[in-house]
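For the sequence shown, the numbering used here begins at -6 and goes up steadily by one. Quick notes on the structure that follows.
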Amino acid sequence: MIQTDKKKFIGFIGPIGSGKSTACTFFSSRGYHVVSLSDIIRAYVHEHNYSDDRDSLTHHANQLKEKYGMAYFAQQSYDNVIKANVSAVVFDSIRHPDEASFLKEKGVYLVGIKANQTQRFHRISNRKHSTDFVDLTTFINQDENELKGANQGQNIEACYTLCDQCITNDKELEHFTETLNSIFSTFVS
């Protein structure tokens, strides 16, 4: 069984539309508390009345990471979990290797989710979250920046090297769910 001091912590890493939210929902339905590192920046922009579009979130997140360190959102999220004394947690929105390293040091099992760019664009176009209303060119630019570290606070490809396991979400939902169930079973067996 994968656990940390009787705590079961898992984190999902992947680009926009890869299936992180679906993975979080899967684990949530099995009793896990979902903690998104992005909640820290969303609260910050809301508190300061800044726009909450993806570019604004990225800009302000980068500023905070520059000021407090690249692992700042992971540290804040982890501290919140420890204060809440939650024993089964899934961390979402891990985008920088320092965040991944920090969580891994705390015993979080990291899973990278990969999917091709075209599929991911279609997924976000269909789900219509507030940050998803972008054209293909904007999506590609944002995606490349987050994947390859063009934004100082994000480098998903570097995060993959720290993952305990990487999976590909390029088939139907049923196949992805089977993969998630296999991962989940290692936490409860």
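Beta carbons are placed, not taken as given, at the ideal position from N, Cα and C, and that holds for glycine.
**Asked** Between the beta-carbon of R88 and the beta-carbon of I9, is there less than 8 angstroms?
**Response** The count along the sequence shown starts at 1 and reaches residue 88 at position 95. The count along the sequence shown starts at 1 and reaches residue 9 at position 16. Contact flag unset, no.
**Message:** Can you give me the C-alpha to C-alpha distance between I75 and G62, rounded to a whole angstrom?
**Reply:** Stepping through the sequence shown from its first residue, residue 75 is reached at position 82. Stepping through the sequence shown from its first residue, residue 62 is reached at position 69. Between I75 and G62, the C-alpha separation is close to 20 angstroms.
**Asked** First and last residue of the beta strand (DSSP E) that includes L103?
**Response** Start at 1 with the first residue of the sequence shown, and residue 103 comes out as number 110. Run containing L103: 102 to 107, per the beta strand (DSSP E) assignment.
**Message:** Using 8 angstroms as the cut-off, can you tell me whether the segment 90 to 98 makes contact with the segment 165 to 172, which would need three or more C-beta pairs spanning the two stretches below that distance?
**Reply:** no
**Asked** So what does DSSP say about Q145, is it helix, strand or coil?
**Response** Counting from one through the sequence shown, the residue named residue 145 turns up at place 152. Here Q145 sits in coil by DSSP.
**Message:** Rounded to whole angstroms, what is the Cα-Cα separation between S70 and K1?
**Reply:** By 1-based counting over the sequence shown, the position of residue 70 is 77. By 1-based counting over the sequence shown, the position of residue 1 is 8. Approximately 15 angstroms, taken between the alpha carbons.
**Message:** Just to confirm, is the Cβ distance from V83 to F5 under 8 angstroms?
**Reply:** Counting from one through the sequence shown, the residue named residue 83 turns up at place 90. Counting from one through the sequence shown, the residue named residue 5 turns up at place 12. Yes, the pair counts as a contact, with Cβ atoms nearer than the cut-off.
**Message:** Which same chain residues end up closer than 7 angstroms to H26 when comparing Cβ atoms and leaving out the 5 residues on each side of it in sequence?
**Reply:** Taking the first residue of the sequence shown as position 1, residue 26 is located at position 33. If we look at H26 and ignore the five residues flanking it on each side, its Cβ neighbours are V79, A81, V82.
**Asked** Cα separation between K107 and S14?
**Response** Numbered from its first residue, the sequence shown carries residue 107 at position 114. Numbered from its first residue, the sequence shown carries residue 14 at position 21. Between K107 and S14, the C-alpha separation is close to 13 angstroms.
**Request:** Return the chain-ordered list of same chain residues with a C-beta closer than 6 angstroms to the C-beta of S21, the five sequence neighbours on each side being excluded.
**Result:** Position 28 of the sequence shown, counting from 1, holds the residue named residue 21. Here the set comprises V27.
**Request:** Select from I34, L103, E40 the residue whose C-alpha is nearest the C-alpha of H52.
**Result:** For the purposes of this step, residue 52 is identified with residue 59 of the sequence shown, where counting begins at 1. The option with the nearest alpha carbon to H52 is I34.
**Message:** If you follow the beta strand (DSSP E) that A81 is in, where does it begin and where does it stop?
**Reply:** Here residue 81 is taken as the residue at index 88 of the sequence shown, counted from 1. That run of the beta strand (DSSP E) goes 81 to 85.
**Contact check, D48 vs V38, beta carbons under 8 angstroms** = Here residue 48 corresponds to residue number 55 of the sequence shown, with the count starting at 1. Here residue 38 corresponds to residue number 45 of the sequence shown, with the count starting at 1. No; because the gap between Cβ atoms is not below 8 angstroms, this pair is not in contact.
**Message:** Could you compute how far the alpha carbon of C152 sits from the alpha carbon of L140?
**Reply:** Residue numbering aside, residue 152 sits at position 159 when the sequence shown is read from its first letter. Residue numbering aside, residue 140 sits at position 147 when the sequence shown is read from its first letter. Between C152 and L140, the C-alpha separation is close to 9 angstroms.
**Prompt:** How is H192 classed by DSSP in three states: helix, strand or coil?
**Reply:** The requested residue 192 is not part of the displayed model; the chain covers only -6 to 182.
**Prompt:** What is the residue span of the beta strand (DSSP E) that S29 lies within?
**Reply:** The count along the sequence shown starts at 1 and reaches residue 29 at position 36. Start and end: 26 to 29.
**Message:** Considering Cα atoms alone, identify which of F19, Q110, G12, R23 is closest to L129.
**Reply:** Here the question's residue 129 lines up with position 136 in the sequence shown. If we check each option's Cα against that of L129, Q110 comes out closest.
**Prompt:** In this structure, what does DSSP give as the bridge partners for Q158?
**Reply:** In the sequence shown, the residue the question calls residue 158 occupies position 165. According to DSSP, Q158 bridges with V104.
**Item:** Closest by C-alpha distance to D32, when choosing among S118, Q135, S86, N138
**Value:** In the sequence shown, the residue the question calls residue 32 occupies position 39. Ranking S118, Q135, S86, N138 by Cα distance to D32 puts S86 first.
**Prompt:** Can you list, in chain order, the residues of its chain whose CB lies under 6 angstroms from that of T172, leaving out five sequence neighbours each side?
**Reply:** Counting from 1 along the sequence shown, the entry for residue 172 is found at position 179. Around T172: I160.
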